[in-house]
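The structure appears below as structure tokens.
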Amino acid sequence: MNALDRKLWRDLGQMKSQAAAIALVVTCGVATFVMFLSTLDALRATQESFYREYRFADVFVTLKRGPEAMQQRIQDIPGVSQVQSRVKAQVRLVIPDFPEPVTALMVSVPESDSVGLNSLYLREGRMPLSGRPDEVVVSVPFVQAHAMQLGARFYAILNGRRQELTLVGTALSPEFVQQMRPGSAFPDYKRYGVMWMGRRALGQAYDMHGAFNDLTLSLSPGADVQSVIDHVDELLNPYGGQGAYTRKDQLSHRFLDQELQQLGVLASLFPVIFMGIAAFLLNVVIGRLITMQREQIATLKAFGYGNLEVLWHYLKMVAVIVLAGGLSGIALGVYLGKALAGIYMEFYHFPYLRFALHPETLIEAVLASLAAAAAGTVFAVWRAASLKPAQAMRPEPPARYRETWLEKLGVKRWLTQPARMIVRHIQRQRIKSALSVFGVALAGGIILTSLFQRDTVSYMVDIQFGMAQRQDLLVTFTEPTAYRARFDLSGLPEVQHVEVFRAVPVRLRHGARHYRTNIQGVEPNGDMQRLLDANLHPVDLPPDGLLLTDFLATLLDVRVGDRVIVEVLEQNRPVREAVVVGLVKEYLGVSGYMDLHALNRFMHEGPTLSGAYLKVDRDRLDTLYAQLKEMPRVASITERMQEIRNLHRVMQETMLFFTYIAAVFSVIIAFGVIYNSARIALAERGRELASLRVMGFTRGEIAYILLGELGILTLLAIPVGLWLGRLMCYYIAHNMQNDLFRVPVVLVPQTYAFSMAVVLLSALLSGLAVRRRLDQLDLIGVLKAAE
1 MNALDRKLWR DLGQMKSQAA AIALVVTCGV ATFVMFLSTL DALRATQESF YREYRFADVF
61 VTLKRGPEAM QQRIQDIPGV SQVQSRVKAQ VRLVIPDFPE PVTALMVSVP ESDSVGLNSL
121 YLREGRMPLS GRPDEVVVSV PFVQAHAMQL GARFYAILNG RRQELTLVGT ALSPEFVQQM
181 RPGSAFPDYK RYGVMWMGRR ALGQAYDMHG AFNDLTLSLS PGADVQSVID HVDELLNPYG
241 GQGAYTRKDQ LSHRFLDQEL QQLGVLASLF PVIFMGIAAF LLNVVIGRLI TMQREQIATL
301 KAFGYGNLEV LWHYLKMVAV IVLAGGLSGI ALGVYLGKAL AGIYMEFYHF PYLRFALHPE
361 TLIEAVLASL AAAAAGTVFA VWRAASLKPA QAMRPEPPAR YRETWLEKLG VKRWLTQPAR
421 MIVRHIQRQR IKSALSVFGV ALAGGIILTS LFQRDTVSYM VDIQFGMAQR QDLLVTFTEP
481 TAYRARFDLS GLPEVQHVEV FRAVPVRLRH GARHYRTNIQ GVEPNGDMQR LLDANLHPVD
541 LPPDGLLLTD FLATLLDVRV GDRVIVEVLE QNRPVREAVV VGLVKEYLGV SGYMDLHALN
601 RFMHEGPTLS GAYLKVDRDR LDTLYAQLKE MPRVASITER MQEIRNLHRV MQETMLFFTY
661 IAAVFSVIIA FGVIYNSARI ALAERGRELA SLRVMGFTRG EIAYILLGEL GILTLLAIPV
721 GLWLGRLMCY YIAHNMQNDL FRVPVVLVPQ TYAFSMAVVL LSALLSGLAV RRRLDQLDLI
781 GVLKAAE
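Under the UniProt record's numbering, the first residue of the sequence shown is numbered 1, with each subsequent residue one higher.
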């Protein structure tokens with residue numbers, strides 16, 4: 001080991017606590033980088049593998065009823081590789097010992113062993129036998145939610161007839177990686193499931209012998225997707241086709257795709273912030289170390305060491321610190337990545353997880369940390385290498401010492417001598433003080449950023465389910481129903497108030513943009529389904545015209561007063577124009593809204609309903625559920641409070657893990673930044689403080705001088721940190737918004753208080769550690785010249 005290497009390890013030993021703090025910050029940055037990227041890679045690899053092995057379809061279409069002969073005609077469309085017709089139906093279930101309403105999507109599976117699209121991954125049991133109308137395979141999450149065993153029996157209402165079913169197998173499907181009821185924002189595995197029955201048995205139950213009502217297609221490589229969709233729609237429109245759509249509009253795939261995009265946003269933000277803080281700390285620490293080692297550098301050069309050797313010496317010091325943090329960060333990131341991927345596996349139902357740590361991820365993590373360190377220290381290290389020996393032998397000229405502007409304002413008379421020393425030192429070291437403030441502020445801002453999503457969820461629940469949706473139950477019908485159904489519901493003793501709605505599936509077009517959604521016709525002056533404007537005030541529903549969710553208007557590039565093309569996707573599929581007369585604020589989903597009677601006129605139909613909002617006697621819910629189950633036209637029943645519980649459960653399963661990790665890392669970083677600032681200040685001013693002690697200042701007075709400066713800089717950093725944190729929250733919110741949900745920036749006072757408390761506590765602990773070193777100051781040793 002040469003002399004420079006011995007000096008390197010000796011310097012690291014002397015600054016071991018500072019180096020450890022910087023290494024911890026690097027560890028946090030690398031760990032988040034590896035955690036996010038490894039999880040993202042694992043989920044994408046698993047998704048791609050599952051889709052490919054079980055032949056997830058490329059195009060989907062639902063229709064009223066089509067003859068089997070149409071399957072061959074669609075197969076002949078250029079670009080179509082494979083076609084599979086099937087029967088699908090929403091059914092109500094009666095589950096033993098579970099009184100609440102349960103619905104399921106029943107999907108037919110081929111009778112033969114032929115290789116079809118959207119194949120099932122059979123986890124337990126077997127497929128239904130040919131022609132057996134009482135055997136079903138059930139989705140794994142539904143079975144787990146109800147603790148069912150193979151052979152379990154329950155009842156389903158198939159086309160108005162009660163049918164006993166037997167569970168013969170459990171399965172997963174690439175079509176239902178995320179199992180959600182249509183119209184719901186979050187899954188509810190106890191109250192909604194997916195089941196598969198033999199094609200012949202399900203077709204007979206719904207009078208679909210020789211016919212189908214759903215079609216899936218796979219496309220050849222290079223196929224013109226839009227041309228295929230246009231041909232499919234042209235062939236199936238006479239049979240009640242509701243418009244073909246691709247994977248990106250398929251609910252399960254879209255939910256997963258949006259989640260992966262959001263994971264990518266987090267992967268691009270937090271590691272960059274952590275690495276930036278590490279670069280900042282290294283710049284400050286190495287820069288000030290070089291300042292204190294000017295005479296040593298001069299001596300090295302006088303003994304013949306060249307600029308490159310000195311440069312390489314300090315770069316090696318940086319590399320040792322960064323690599324120590326990087327290696328520990330990789331290990332921690334792999335552990336956290338597996339844990340995070342496991343959480344996603346519980347939420348997104350894949351049959352397996354392909355978690356493989358790619359070497360390029362590790363290389364990228366190390367290179368990113370080294371690049372951040374190099375960017376943060378290159379100027380400081382170059383300054384060390386370019387010092388002339390004769391110049392470096394001389395100490396730096398002292399800074400100008402004069403009255404500050406604060407003292408000139410007349411405050412001087414109230415400042416003690418130590419207080420004036422603090423103020424003057426901060427003023428004459430403006431850049432260093434500003435960097436310290438910025439570093440502490442950034443640490444405090446990260447704490448704010450890591451916690452804001454928790455506040456956001458509570459706010460979204462209050463707005464969506466407190467101000468907008470105020471019903472107890474949402475009842476939907478199997479098909480559009482006459483207006484008299486309102487009176488059937490209002491006549492039930494447990495029902496206190498009824499408001500009805502009409503939902504029409506549409507494709508909205510404006511210029512080259514289009515979007516599939518629903519237009520909901522709601523009653524004017526309704527109390528249970530209220531529309532809110534940008535200021536969250538109730539909107540008066542106009543008698544004519546279309547209201548759009550503000551985000552949907554952005555997607556379509558629509559402003560109030562514009563006209564949009566409305567392609568109805570049911571009945572005879574009329575195409576009409578509508579004027580956008582206003583925008584409404586929603587955080588979950590996107591829709592269009594019209595006056596109920598205006599929508600009935602728009603559809604050229606009489607008073608027609610799709611469902612109802614109910615205010616009920618909650619003490620008699622079980623009785624009401626029993627009565628609603630007996631109504632053949634009732635397709636599903638959704639309880640508002642259960643939707644709220646589902647939302648909290650989903651957020652806890654996915655967001656809480658990341659929030660906890662980010663909060664812990666943020667606290668570590670806050671302490672690392674403040675502790676380093678305190679230690680650097682002690683190292684820089686050790687001779688000055690020792691001189692003051694020799695001149696008669698007490699330990700308390702010199703501690704007051706050093707720690708008072710730290711306290712002032714920390715207090716200055718807190719409001720800056722809160723502002724920076726809010727900016728970062730806006731960045732996350734902007735990049736995570738999509739058509740499924742938007743995240744508002746909401747920060748409650750308790751979150752601000754927690755962020756400030758962590759910064760202040762870190763400053764207090766750092767101050768105590770530095771005070772302990774001050775009390776142990778070797779007055780004679782500090783005043784000696786460093787050799």
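Every residue, glycine too, gets a C-beta built ideally from N, C-alpha and C. Treat the numbers as computed from the prediction; the structure is a model and nothing was measured.
- The distance from the Cβ of residue 595 to that of residue 543 is about 6 Å, consistent with a contact at the 8 Å cut-off.
- Residues 372, 442 of the same chain have their beta carbon placed closer than 8 Å to that of residue 276, with the five preceding and five following residues left out of the count.
- Taking C-beta separations shorter than 8 Å and ignoring five residues to either side along the sequence, the partners of residue 184 in its chain run 192, 638, 643, 646, following chain order.
- The C-beta distance from residue 285 to residue 14 rounds to 12 Å, too long to fall under 8 Å, and the pair is not in contact.
- Each of 156, 688, 767 was checked against the Cα of residue 711, and the nearest Cα belongs to 767.
- Boundaries for residue 99: no beta strand (DSSP E) harbours it, and the DSSP string shows neither H nor E there.
- A Cβ-Cβ separation of about 7 Å places residue 755 in contact with residue 721 under the 8 Å criterion.
- Collapsing the DSSP output to three states places residue 237 in a helix.
- In this structure, residue 81 lies away from residue 118, with their beta-carbon atoms at least 7 Å apart.
- Taken through DSSP and simplified to helix, strand or coil, residue 214 comes out as strand.
- Distance from residue 180 to residue 98 at the Cβ level is roughly 19 Å; contact not present, criterion being Cβ atoms closer than 8 Å.
- Within the model, the alpha-carbon separation for residue 2 versus residue 356 is close to 41 Å.
- Contact annotation: the region 38 to 51 does not touch the region 195 to 208, with fewer than three C-beta pairs closer than 8 Å.
- Taking 7 Å as the cut-off, the beta carbon of residue 247 is found no closer than this to the beta carbon of residue 465.
- In this chain, the beta strand (DSSP E) harbouring residue 197 covers 192 to 198.
- In the three-state scheme derived from DSSP, where H, G and I count as helix and E and B as strand, residue 585 is classed as coil.
- The closest CA to that of residue 753, considering only 370, 718, 607, 540, is found on 718.
- Taking the Cβ atoms as the reference, residue 91 lies roughly 6 Å from residue 158, within the contact range of under 8 Å.
- In the DSSP assignment, residue 638 falls within the beta strand (DSSP E) that extends over 634 to 639.
- Between the alpha carbons of residue 446 and residue 85 lies a distance of about 52 Å.
- The C-alpha of residue 368 lies about 10 Å from the C-alpha of residue 361.
- Residue 273 and residue 636 have their C-alpha atoms roughly 47 Å apart.
- Proximity to residue 219 across 329, 77, 170 peaks at 77, based on C-alpha coordinates.
- One alpha carbon belongs to residue 480, the other to residue 570, and they sit about 10 Å apart.
- Taking the CA atoms as reference points, residue 657 sits about 38 Å from residue 682.
- A straight-line Cα-Cα distance of about 17 Å links residue 748 and residue 732.
- Annotation: residue 24 to residue 672 spans about 8 Å, alpha carbon to alpha carbon.
- Taken atom to atom, the span from the alpha-carbon of residue 121 to that of residue 171 is near 5 Å.
- Inter-segment contact for the region 329 to 342 and the region 28 to 41 is present: three or more beta-carbon pairs are separated by less than 8 Å.
- A direct Cα-to-Cα measurement between residue 448 and residue 456 gives close to 12 Å.
- Between the region 429 to 442 and the region 548 to 562, the count of Cβ pairs shorter than 8 Å is below three; the stretches do not touch.
- Looking from the CA of residue 16, the closest CA among 234, 318, 155 belongs to 318.
- Remark: fewer than three beta-carbon pairs, one from each stretch, lie closer than 8 Å, so the region 566 to 586 and the region 612 to 629 are not flagged as touching.
- Uninterrupted beta strand (DSSP E) stretches at least 3 residues long and entirely within the region 91 to 164 occur at 102 to 109, 121 to 125, 135 to 139, 153 to 158, given in chain order.
- Annotation for residue 441: the continuous alpha helix (DSSP H) segment containing it runs 430 to 462.
- By alpha-carbon distance to residue 765, the top candidate from 126, 740, 674 is 674.
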